[in-house]
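Presented below is the structure to which this report refers.
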Amino acid sequence: MGFCPQCRGSEPLVESSSLSVAVPVAVSESTEPASRISTGLEEVDRVLGGGLVRGSAVLVGGAPGIGKSTLLGQVGARMTAMGSRVLLASAEESVGQVGLRQRRLGIAGGDVDVIASSDIASVLDLAHTYDVLVIDSIQTVFDRESSGAAGSVSQVRSCADRAVRLAKEQGVTVILVGHITKEGSLAGPKALEHLVDVVLYFEPDDKLGLRVLRGMKNRFGTVWATGVFEMTASGLVEIPDPSVLALDGRSFFAPGSVIMPALAGRRCLLNEVQALVVPTNTNAPPRRSSTGVTNGRLHQILAVLDRRGGLSLSTAEVYVSVMGGVRTADPATDLAIAAAIISSRLDVAIPRVAAFGEVGLTGEIRASLQADVRLAECHRLGIDSVLAAPLVTRVDQLVSAIEDLRDKELPESEKTEGVVHNFAGRPRVASVNASNPSGFVS
Ligand code: TYD
Ligand code: MG
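Residue numbers (this note's numbering): 103 to 544.
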């Protein structure tokens with residue numbers, strides 16, 4: 103027994119029986135990670151790495167109005183319909199408001215319990231009998247035992263800390279909603295990232311008008327997975343096949359457009375990358391701008407094309423954009439970016455051909471990881487021609503392969519019906535074999 107050295111209070115400290123001594127355990131004897139519960143939404147499960155881990159803490163961040171409350175309302179309804187007990191603690195909206203939304207999202211049997219309280223202690227007192235606790239939002243709850251106003255960093259931290267403790271000690275899965283400004287500058291959610299097991303961000307995808315759920319941190323899975331949704335009058339609708347949407351209605355017969363198979367987690371998404379090269383005759387450094395890939399990669403690809411591909415670009419303005427608001431760090435997207443730049447520079451259209459491969463500083467084009475996954479996705483969407491290593495191995499070959507397309511006339515029917523122009527017989531362009539989508543056929 104003793105007295106608290108910090109507050110020097112007169113109440114004696116009492117030994118707590120909940121304190122336990124940690125004992126080392128051999129890794130081979132450690133128990134399996136806790137079981138997972140499906141959220142009832144496949145896109146969310148995928149981003150989580152296969153569902154919610156029981157007793158884990160998840161932070162869902164995003165700008166106000168993006169749809170966090172809607173998403174978690176839907177998850178809550180699905181989970182209760184499947185037999186889980188879900189408590190939705192809403193400090194932002196009244197029980198009536200939440201009820202109205204839940205009824206609108208209408209899932210039979212999906213009757214979540216709602217508590218409209220901003221006092222974290224009363225929320226946590228109730229929550230231990232539930233499987234899942236959603237706190238919407240962590241910036242609007244407060245802890246009486248902590249200083250500062252609701253939303254201040256110290257309040258947000260101490261509330262999150264208490265919620266995470268509930269998760270670890272009682273096995274309740276805790277989902278914290280965190281508002282974040284466009285620049286991600288709000289101190290709250292950022293300060294929580296290290297406290298929780300999983301951090302997901304819900305972001306707009308302006309070009310497709312969709313919303314994307316991304317993993318930023320995941321102690322139980324990959325962070326590369328994405329879930330794609332559309333906001334409708336009856337809530338968020340999952341878009342399981344964004345490749346089709348991303349490619350729909352695009353003009354692949356315009357110079358500067360190339361199909362880019364990019365890996366996102368275990369999925370391969372086909373996307374369109376566009377480039378616009380504008381020759382200038384000023385001495386000022388030309389403008390280079392990229393969306394979806396870093397400027398550093400754009401500059402590197404331009405330097406390689408200029409120096410190793412014999413493509414004069416030093417005075418040209420260059421704009422590159424991965425369509426659909428997708429951001430990719432997959433190095434195999436180099437080749438599609440390079441091909442789009444060449445296509446725009448030469449003003450030669452590349453028909454429905456997908457390109458992938460890493461471009462090295464010496465001008466070499468390397469084979470990509472998971473080429474079979476990429477080829478299978480191309481084949482599934484009717485893109486039967488690809489530019490990839492080992493069929494094209496140097497950027498100068500790529501430049502001349504695209505130059506050679508200049509005089510190829512496509513029948514009008516192929517353009518309008520979208521029939522794949524097959525490059526059969528051309529050594530540098532491969533066809534995907536229908537019966538063996540994972541193999542190249544030259
Ligand atoms: P909301 O989930 O409240 O966003 P957040 O919690 O991230 O602040 O919803 C955001 C917007 O979505 C809101 O302006 C209304 C719209 N919305 C729909 O279009 N359809 C719906 O079914 C719902 C529930 C909301
Ligand atoms: Mg909300």
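Positions of the beta carbon are idealized from the N, C-alpha and C atoms, including for glycine. All figures in this text were calculated on a predicted structure; none of them were measured in a lab.
Residue i beta carbon near ligand 1 (any heavy atom closer than 7 Å)
i: K319; result: no
i: P166; result: yes
i: A179; result: no
i: L207; result: yes
i: A335; result: yes
i: R259; result: no
i: R399; result: no
i: R246; result: no
i: R203; result: yes
Minimum C-alpha distance to residue i - residue among the options
i: A456; options: F355, S224 and N397; result: F355
i: V162; options: K510, D213 and L297; result: L297
i: A191; options: D408, G167, G201 and L477; result: G201
i: L173; options: L302, A265, G198 and D227; result: L302
i: S137; options: G153, R482 and S130; result: G153
i: E144; options: S445, L338 and P388; result: L338
i: M425; options: L477, M362 and S260; result: M362
i: L493; options: S130, A418, D263 and G459; result: G459
i: P344; options: T275, L483, Y232 and R321; result: L483
i: L268; options: V160, Q176 and V127; result: V160
i: F322; options: V300, D474, P357 and I467; result: V300
6 Å CB neighbourhood of residue i in its chain, flanking five on each side removed
i: R508; result: V450
i: V314; result: E305, D307, T328 and V330
i: S515; result: Reliability of the predicted coordinates at S515 is poor, the pLDDT of 38 falling under 50, and the value obtained from them is presented with this limitation in mind. Hits under 6 Å: none found.
i: V279; result: V162, K170, D238 and S239
i: G520; result: Only weak support is given to the placement of G520: the predicted model assigns it a pLDDT of 31, under 50, and the question is left unresolved by the model.
i: R316; result: Y303 and T328
i: D432; result: A364 and L365
Burial state of residue i, where buried means 16 or more other Cβ atoms lie within 10 Å
i: L413; result: buried
i: V346; result: exposed
i: G169; result: buried
i: D227; result: exposed
i: M184; result: exposed
i: S540; result: Since pLDDT at S540 reaches only 35, below the 50 mark, its modelled position is unreliable, and the value read off the structure follows with that caveat. Classification of S540: exposed, given that the 10 Å Cβ count is below 16.
i: T182; result: buried
i: V125; result: exposed
i: V243; result: buried
i: H230; result: exposed
i: G382; result: Note that residue 382 is Thr in the sequence shown here, rather than Gly. Counting Cβ neighbours within 10 Å, T382 comes out exposed, since fewer than 16 surround it.
i: A377; result: buried
i: V380; result: exposed
Short Cβ contact (8 Å threshold) for residue i with residue j
i: K319; j: E340; result: no
i: E62; j: S359; result: This structure gives no information on residue 62, because the portion of the chain shown stretches from 103 to 544.
i: V188; j: V236; result: yes
i: G273; j: G151; result: no
i: S220; j: A252; result: yes
i: Q241; j: S248; result: no
i: V428; j: G394; result: yes
i: A218; j: S196; result: yes
i: I485; j: R454; result: yes
i: R203; j: G142; result: no
i: V177; j: V225; result: no
i: L477; j: A434; result: no
Neighbourhood of residue i by C-beta distance below 8 Å, restricted to the same chain and skipping five residues each side
i: E403; result: Reading off the sequence, residue 403 comes out as Ile, not Glu. Only D436, I439, A440, I443 and V461 meet the Cβ criterion.
i: D498; result: R410, G411, G412 and G465
i: H401; result: R390
Residue i: CB within 7 Å of a non-hydrogen atom of ligand 2
i: E305; result: no
i: S392; result: no
i: S171; result: yes
Cutoff 7 Å; reference residue i; Cβ partners in own chain excluding five residues on either side
i: V406; result: V461, L463, G465 and V497
i: A293; result: V255, V258 and R259
i: R264; result: I222, L226 and D245
i: S416; result: D408
Cutoff 8 Å: residue i Cβ touching any chain D Cβ
i: N320; result: Given the protein chain composition of this structure (a single chain), no chain D is represented.
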